[in-house]
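In this note's numbering, the protein residues as written are 185 to 279.
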C-alpha cells in the first residue's frame, strides 16, 4: 500500500485527487480528466504528459493499436504506467 501513497503523491503534482481513492477510482478520475482535456485543453494535457515523461512515440503507437478504446482511457493508463515505473526505478536505486 506504500506504493499507492507514492503514486498518489506523484499524481497530486498534476491533479487534485483524494488520497483515499482505490486504484479503480483513481483510474476513472484520470480517464475523466484526460477526456475533458482532450476536448477543452489539449495544451494542458500535453504539459502533464511531458512533465510525467510519457514517451510520445509509445503513446502514439498505443493509441493506434487500441483504437477500439477511448483515447482518454489509453492516455490515462499510459500515464499511470509511467508513474508506476518511476516509483519502481526510485526503489531500485534507493536501496
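Ideal Cβ placement from N, Cα and C applies to all residues, glycine included.
Note that the structure is a prediction, hence the values are computed from the model and not measured.
| query | result |
| --- | --- |
| Stretch pair the region 237-253 + the region 199-211: three plus CB contacts closer than 8 Å | no |
| Residue environment, residue 226, which counts as buried when at least 16 other CB atoms sit within 10 Å | exposed |
| Burial state of residue 276, where buried means 16 or more other Cβ atoms lie within 10 Å | exposed |
| Nearest-angstrom Cα separation, counted from residue 278 out to residue 262 | 24 Å |
| Of the residues 216, 222 and 238, the one placed nearest residue 264, counting alpha carbons only | 238 |
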